[in-house]
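The listed protein sequences correspond, in order, to chains A and B. Residues in the first sequence are numbered from 27 upward in steps of one, following the working numbering. Residues in the second sequence are numbered from 4 upward in steps of one, following the working numbering. Using N, Cα and C, we set each Cβ at its ideal position, and we do this for glycine too. A quick note: this is a predicted structure, and the numbers were derived from the prediction, not measured. Below is one structure; the comments refer to it alone.
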Amino acid sequence: MILESVLRDVHGKNIELKDMDYQAGQRVLMSGNEAIARGAVEAGVGFCSSYPGTPATEIASTLMKWARDTGMYVEWSTNEKVALEAAAAASWAGVPAMCSMKSLGLNVAADFLLNVNLSGTGTGGLVLVVCDDPRGHSSSNEQDSRFYAKAAKIPLLEPATAQQAKDIIPYAFSLSKRMGIPVMVRSTTRLSHTQAMVSLGAPSELQITIEETLPRHLFNVPDPHLRNRDLQEKLRRIAREFATSQWNLLPPDGGDSPLTVVSSGISQLYVREALREVDAQKVRHFGVVTTFPLPSELVERVMADNKEALFVEEVDPFLEDEFRIQATYGTPMDIVFHGKHDGFVPSWGELNTDIIAQSLRRLRGMPSEIDGERERAREHASSLLIPRPLTFCAGCTHRNVYWALRKVRKRLDGNLVVTGDIGCYSLGVFYDQAMDTMQAMGSGIGTASGLGQLSRFGHKARVATIAGDSTFFHACLPGLVNARHTNADVLFIIVDNKTTAMTGFQPHPGSDDDEGHRLVSLRKMVEAVEPDMLSVVDGDDIPALIEAFHTSVKERGLKVVIVDSHCRLREGRLEDKSDLLQRVVIDEDMCRGEKCGICVKQYSCVALAWDSERERPVMVEDQCVRCGACIDVCPYGAIRRAR
Amino acid sequence: MNAEPYNIMITGVGGQGNLVTSGVLARAAILDGFSPTIGQTFGASQRGGAVVTHLRLADEQTAPLIPRGHLDTLIGLEPLEGLRAAVDFAGPRTIAVVSDLRIDTLDTLAGDIRYPDLRDIFAALSDLCKTVYMAPAVEDKIMISSLNAYLVGLVVGLKILPISQDSIRRSYETLERHTENNLRAFASGLEDASNLRPLSK
Numbered sequence: 027m028i029l030e031s032v033l034r035d036v037h038g039k040n041i042e043l044k045d046m047d048y049q050a051g052q053r054v055l056m057s058g059n060e061a062i063a064r065g066a067v068e069a070g071v072g073f074c075s076s077y078p079g080t081p082a083t084e085i086a087s088t089l090m091k092w093a094r095d096t097g098m099y100v101e102w103s104t105n106e107k108v109a110l111e112a113a114a115a116a117s118w119a120g121v122p123a124m125c126s127m128k129s130l131g132l133n134v135a136a137d138f139l140l141n142v143n144l145s146g147t148g149t150g151g152l153v154l155v156v157c158d159d160p161r162g163h164s165s166s167n168e169q170d171s172r173f174y175a176k177a178a179k180i181p182l183l184e185p186a187t188a189q190q191a192k193d194i195i196p197y198a199f200s201l202s203k204r205m206g207i208p209v210m211v212r213s214t215t216r217l218s219h220t221q222a223m224v225s226l227g228a229p230s231e232l233q234i235t236i237e238e239t240l241p242r243h244l245f246n247v248p249d250p251h252l253r254n255r256d257l258q259e260k261l262r263r264i265a266r267e268f269a270t271s272q273w274n275l276l277p278p279d280g281g282d283s284p285l286t287v288v289s290s291g292i293s294q295l296y297v298r299e300a301l302r303e304v305d306a307q308k309v310r311h312f313g314v315v316t317t318f319p320l321p322s323e324l325v326e327r328v329m330a331d332n333k334e335a336l337f338v339e340e341v342d343p344f345l346e347d348e349f350r351i352q353a354t355y356g357t358p359m360d361i362v363f364h365g366k367h368d369g370f371v372p373s374w375g376e377l378n379t380d381i382i383a384q385s386l387r388r389l390r391g392m393p394s395e396i397d398g399e400r401e402r403a404r405e406h407a408s409s410l411l412i413p414r415p416l417t418f419c420a421g422c423t424h425r426n427v428y429w430a431l432r433k434v435r436k437r438l439d440g441n442l443v444v445t446g447d448i449g450c451y452s453l454g455v456f457y458d459q460a461m462d463t464m465q466a467m468g469s470g471i472g473t474a475s476g477l478g479q480l481s482r483f484g485h486k487a488r489v490a491t492i493a494g495d496s497t498f499f500h501a502c503l504p505g506l507v508n509a510r511h512t513n514a515d516v517l518f519i520i521v522d523n524k525t526t527a528m529t530g531f532q533p534h535p536g537s538d539d540d541e542g543h544r545l546v547s548l549r550k551m552v553e554a555v556e557p558d559m560l561s562v563v564d565g566d567d568i569p570a571l572i573e574a575f576h577t578s579v580k581e582r583g584l585k586v587v588i589v590d591s592h593c594r595l596r597e598g599r600l601e602d603k604s605d606l607l608q609r610v611v612i613d614e615d616m617c618r619g620e621k622c623g624i625c626v627k628q629y630s631c632v633a634l635a636w637d638s639e640r641e642r643p644v645m646v647e648d649q650c651v652r653c654g655a656c657i658d659v660c661p662y663g664a665i666r667r668a669r
Numbered sequence: 004m005n006a007e008p009y010n011i012m013i014t015g016v017g018g019q020g021n022l023v024t025s026g027v028l029a030r031a032a033i034l035d036g037f038s039p040t041i042g043q044t045f046g047a048s049q050r051g052g053a054v055v056t057h058l059r060l061a062d063e064q065t066a067p068l069i070p071r072g073h074l075d076t077l078i079g080l081e082p083l084e085g086l087r088a089a090v091d092f093a094g095p096r097t098i099a100v101v102s103d104l105r106i107d108t109l110d111t112l113a114g115d116i117r118y119p120d121l122r123d124i125f126a127a128l129s130d131l132c133k134t135v136y137m138a139p140a141v142e143d144k145i146m147i148s149s150l151n152a153y154l155v156g157l158v159v160g161l162k163i164l165p166i167s168q169d170s171i172r173r174s175y176e177t178l179e180r181h182t183e184n185n186l187r188a189f190a191s192g193l194e195d196a197s198n199l200r201p202l203s204k
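As structure tokens, this is what we get:
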């Protein structure tokens, strides 16, 4: 989803970034992501690279909006690994570089990260911002990316508020420059997408001194183990620096307080509110922001004389485990740890104030507050609620592709497997389960290339896979080459709408652009691997889709169908041309009404509704984009263009 | 964060101007000296899904989500989504202003599931909230597309919010798109509020 809000001052006017000198001290309503972007401007970042992904997208898109005024170079890279590599290179050459991505993006970039940590960054500094998505609101998992910081042995900062998200970016750069390693800043959905007031600092003038020679030894061989040794020494120095850091929220010294609640990141806000709500006396709150390496000296000091600790963090017990490790060496800590391991805090899903208040009540043996009458009212009201499932937009060509696949599956007596990928078309898993699998970006063609080898063992189903254009460039190329090289029996359907629609229409290598980017032809890239069959079909033309899929999926070898697809949301934004088309109408005399229902109940375009009283389908005029795809869906010819 | 924040929730379906409305109210709140926090549910709002915005007024950033039962004002742009939010968040102090303009779901469009009876929805709302107002039906197209501003007008006219009418008007005036329609709908809501009575329990 796009974050429409631009930076505004309290009068709602766009901030003039040209006048940035006047803005220091101004208070502005900003999302966490906008605050991180502003932090980058205040840190004097010269280079930012990213690949779109919720909830991280707006960091780079905001910087892109400001690029003309700030002079920063900002790019949507082909994928997160390329983005991190490009940013590291800028850092080597002396340019302060930031790279932002969503949680799953770091899986893609991890190979490089676990090498550049040893090789080191340059005088520019390198900050990696990763936005996790607890609960997986817009993700296929809810991974806790903090473990990458530990795996790569790089420092990890977890800001708690929008203000801190901004303020911590310049510090992250200072740390990276001094230590010569990447610094990771971790956000979560609720920090990235929550707006709050942020006091601005002064933007830094871009002062870039290009290093004409790269740092020496930007490779780890022949002694990566010695690089590992040196990296650990850096971590020890950073842990000492973190112990006196201003970023952590420290409980007041002394006092008789047997319980300390330890939070990380935005969980700090849940704990603050829960403590007020429960009115838990004598409970201290230690809000950790410098999460890794654990500031051992500080932890020892704060936790001295404590009897109990409760850990509140999203998603996994990362901080909890670091404390547990520390408790086993150094000054012994005689503390009972509560958190995810003993079930006082849920180890999956998002947290909120209520969950933490409940944890505190349980820990303190206080009764939970339940109002019987209200619970009954809730139960009754819940029985009225019907779901509001997600679906493709009116006229979305992805619907046509899945409709066609459904028809082909029927023709094959069900002997068709469709592996899927990540994008709007992932909604295919809900559309009559037209898509059977969905994992990482690029996994559709990868798994299909495996399935495409199995006929030798008696696997009967024909194999198709589907991916979008941005995903194609991001992660499908190795899988496609693999399928070709190994002669896998695969039909690869590429739904090409020429934009990254899922995250708000960011351009990618295959999209048109008037800003000097060179278009890379998706079709020519496909032609280069010489598939056995290749066709290009209009996504509005359902009979042609069915024919193309059916003809090619039956054949042996690698077949590719590129579907010329249309994103109606994007078209609506650019220029609504539907007025130029004749209306699409339902001919009541031809329609079989309740005897059929195929258009409304099976094809399910949101521009077609069922009139229960008359038991007939009706066209929802204000939804219809007049694409006419449904005309071929009706077996009785009742849907047609108005004359 | 000493005092309890004032908690406003705006619920509806993607495309109803939920995010614009929370922005308008937040900027007005800033003019009145609050530090608002806006928590939003993102991801699916453009694809027919429900959209919920948590707007919390305090003197510093609060937790992004309103705790269960702590809702002060519910602005429901769509009845089903208004009820869904009330089930999760309404409590003894909740005042709800909810539109009766229903937006079909995929299943009700197909006739597979019946959209719940509006009388049942509003009765259930009354059981969950302290006070419920059903927004008068709006008919002309401009008013439907500015339903959010109309409901804000009602809420302000009913003197429910701790934000001043003047600040909200100024906030609407600085909108970049559809400013006039929004102002008209807002004024119309203000006017209609004087005749609006709460649903009886």
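From which residue to which residue does the beta strand (DSSP E) around THR445(A) run? Mapped onto the first sequence, residue 445(A) falls at position 419. Per DSSP, THR445(A) belongs to the beta strand (DSSP E) from 442-446.
Return no unless some Cβ of chain A is closer than 9 Å to the Cβ of MET4(B). Within the second sequence, residue 4(B) is the residue found at index 1, counting from 1. Bear in mind that a pLDDT of 48 at MET4(B), under 50, signals an unreliable position, so the model cannot answer this.
Contact list for the segment 405-434 of chain A against chain B, Cβ threshold 8 Å: Considering only beta carbons, the part of the segment 405-434 of chain A lying closer than 8 Å to chain B consists of HIS406, ALA407, SER408, LEU410, LEU411, ILE412, PRO413, ARG414, PRO415, LEU416, THR417, PHE418, CYS419, in chain order.
Using the Cβ count rule (16 or more neighbours within 10 Å means buried), how would you classify ASP47(A)? As a position in the first sequence, residue 47(A) is number 21, starting the count at 1. Only weak support is given to the placement of ASP47(A): the predicted model assigns it a pLDDT of 40, under 50, and the value that follows is read from those uncertain coordinates. ASP47(A) comes out exposed.
Can you give me the Cβ contacts of THR526(A) inside the same chain, cut-off strictly under 7 Å, excluding the 5 residues immediately before and after it? Locating residue 526(A) in the first sequence gives position 500, counting from the first residue. Same-chain partners within the cutoff: PRO78, SER496, GLN532, HIS534.
Between GLY536(A), MET528(A), LEU584(A), which has its C-alpha nearest THR491(A)'s C-alpha? Counted from its first residue, the first sequence places residue 491(A) at position 465. Cα-wise, what sits closest to THR491(A) is LEU584(A).
Three-way DSSP call (helix, strand, coil) for CYS157(A) in this model: Position 131 of the first sequence, counting from 1, holds the residue named residue 157(A). Note: CYS157(A) maps to strand in three-state DSSP.
Hey, how far is the Cα of VAL651(A) from the Cα of THR239(A)? Looking up residue 651(A) in the first sequence gives position 625. Looking up residue 239(A) in the first sequence gives position 213. Answer to the nearest angstrom: the Cα atoms are 57 Å apart.
For ASP613(A), is the classification buried or exposed, using 16 other Cβ atoms within 10 angstroms of its Cβ as the cut-off for buried? The residue you call residue 613(A) lines up with position 587 of the first sequence. Exposed, because fewer than 16 other Cβ atoms sit within 10 Å of the Cβ of ASP613(A).
Within 10 angstroms of its Cβ, does MET616(A) collect 16 or more other Cβ (buried), or is it exposed? In the first sequence, counting from the first residue as 1, residue 616(A) sits at position 590. The residue in question, MET616(A), is exposed, as its Cβ has fewer than 16 Cβ neighbours within 10 Å.
Helix, strand or coil, according to DSSP, for LYS260(A) in the structure here? Here residue 260(A) corresponds to residue number 234 of the first sequence, with the count starting at 1. Assignment of LYS260(A) by DSSP, reduced to helix, strand and coil, places it in the helix class.
Rounded straight-line distance, which links the Cα of ILE351(A) to that of ALA574(A): Position 548 of the first sequence holds residue 574(A). Position 325 of the first sequence holds residue 351(A). Going by the C-alpha atoms only, they are around 59 Å apart.
Per the DSSP calculation, ILE98(B) is bridged to which residue(s)? Indexing the second sequence from 1 puts residue 98(B) at position 95. Answer is THR76(B), THR134(B), bridged to ILE98(B).
Would you please verify whether the beta carbon of ASN717(A) is less than 9 Å from any beta carbon of chain B? The structure shown does not extend to residue 717(A), since chain A is modelled only from 27 through 669, so no value can be given for it.
Does ARG400(A) have its Cβ less than 9 Å from a Cβ in chain B? The count along the first sequence starts at 1 and reaches residue 400(A) at position 374. By this cut-off, ARG400(A) is an interface position.
Taking only beta carbons into account, state which residues of the segment 162-195 of chain A come closer than 8 Å to chain B, listed in chain order. HIS163, SER164, THR187, ALA188, GLN189
Can you tell me whether HIS57(B) is helix, strand or coil according to DSSP? For the purposes of this step, residue 57(B) is taken as the residue at position 54 of the second sequence. The answer is strand: DSSP assigns HIS57(B) an E or B state.
Strictly under 9 Å for the Cβ-Cβ distance: is ARG549(A) near chain B by that measure? Taking the first residue of the first sequence as 1, we reach residue 549(A) at position 523. No, no contact with chain B.
Distance, Cα to Cα, GLU7(B) vs GLN52(A)? The residue labelled residue 7(B) in the question sits at position 4 within the second sequence. The residue labelled residue 52(A) in the question sits at position 26 within the first sequence. For GLU7(B) and GLN52(A), the distance between alpha carbons rounds to 26 Å.
Using beta carbons (cut-off 9 Å, strictly below), is SER452(A) in contact with chain B? Residue numbering aside, residue 452(A) sits at position 426 when the first sequence is read from its first letter. Chain B, which has no Cβ nearer than 9 Å to the Cβ of SER452(A), makes this no.
Name the one or two DSSP bridge partners that LEU128(B) has. Counted from its first residue, the second sequence places residue 128(B) at position 125. Beta-bridge pairing links LEU128(B) to no other residue.
Find out if the Cβ-Cβ distance for the pair LEU55(A), PRO165(B) is shorter than 9 Å. Numbered from its first residue, the first sequence carries residue 55(A) at position 29. Numbered from its first residue, the second sequence carries residue 165(B) at position 162. No, they are not a contact pair.
Rounded C-alpha distance that separates SER48(B) from SER170(B): Locating residue 48(B) in the second sequence gives position 45, counting from the first residue. Locating residue 170(B) in the second sequence gives position 167, counting from the first residue. Confidence in SER48(B) is poor, its pLDDT being 49 and thus under 50, which makes the residue's placement too unreliable to answer from.
Among LEU275(A), SER373(A), TYR99(A), which one has its Cα closest to the Cα of GLU232(A)? Numbered from its first residue, the first sequence carries residue 232(A) at position 206. A quick correction: the sequence has Leu, not Glu, at residue 232(A). LEU232(A) has its Cα closest to that of TYR99(A), out of LEU275(A), SER373(A), TYR99(A).
Tell me which residues share the same chain as MET359(A) and place their Cβ nearer than 7 Å to its Cβ, disregarding the 5 neighbours each side in the sequence. Numbered from 1 along the first sequence, position 333 holds the residue referred to as residue 359(A). So the qualifying residues of the chain are MET329, ALA353.
Bridge partners - ASN10(B), DSSP secondary structure assignment: As a working note, residue 10(B) is residue 7 in the second sequence. Its beta-bridge partners are ARG59(B).
Can a CB atom of chain B be found closer than 9 Å to the CB of LYS627(A)? To locate residue 627(A), count along the first sequence from 1; it is residue 601. By this cut-off, LYS627(A) is an interface position.
CB contact below 9 Å: ILE292(A) versus chain B: Taking the first residue of the first sequence as position 1, residue 292(A) is located at position 266. It does; some Cβ of chain B falls within 9 Å.
Should SER630(A) be flagged as near chain B, meaning a C-beta pair shorter than 9 Å? Taking the first sequence and counting its residues from 1, the one referred to as residue 630(A) is at position 604. Interface residue, yes.
By the 10 Å Cβ neighbour count, where 16 or more other Cβ atoms means buried, how is HIS73(B) classified, buried or exposed? In the second sequence, the residue the question calls residue 73(B) occupies position 70. With 16 or more other Cβ atoms within 10 Å, it is buried.
Chain A contact for SER102(B) (CB, 9 Å cutoff): In the second sequence, residue 102(B) corresponds to position 99, counting from 1. False, the Cβ-Cβ gap to chain A never drops below 9 Å.
List the residues of chain A whose Cβ lies closer than 8 Å to the Cβ of ARG71(B), in chain order. Taking the first residue of the second sequence as 1, we reach residue 71(B) at position 68. By Cβ distance, chain A contributes ASP380.
Distance cutoff 9 Å, beta carbons only. Does LEU128(B) sit that close to anything in chain A? On the second sequence, residue 128(B) is found 125 positions in, with the first residue counted as 1. So yes, LEU128(B) belongs to the interface.
Can you give the Cα-Cα distance for HIS219(A) and ASN59(A), rounded to whole angstroms? Here residue 219(A) refers to the residue found at position 193 when the first sequence is read from its first residue. Here residue 59(A) refers to the residue found at position 33 when the first sequence is read from its first residue. For HIS219(A) and ASN59(A), the distance between alpha carbons rounds to 7 Å.
Looking at the C-beta of PRO661(A), does it have a partner C-beta in chain B at a distance below 9 Å? If you number the first sequence from 1, residue 661(A) lands on position 635. PRO661(A) has a beta carbon lying at 9 Å or more from every beta carbon in chain B.
Contact list for the segment 51-69 of chain B against chain A, Cβ threshold 7 Å: Of all residues in the segment 51-69 of chain B, only GLY51, GLY52, ALA53, GLN64, THR65, ALA66, PRO67, LEU68 come within less than 7 Å of chain A when Cβ atoms are compared, listed by chain position.
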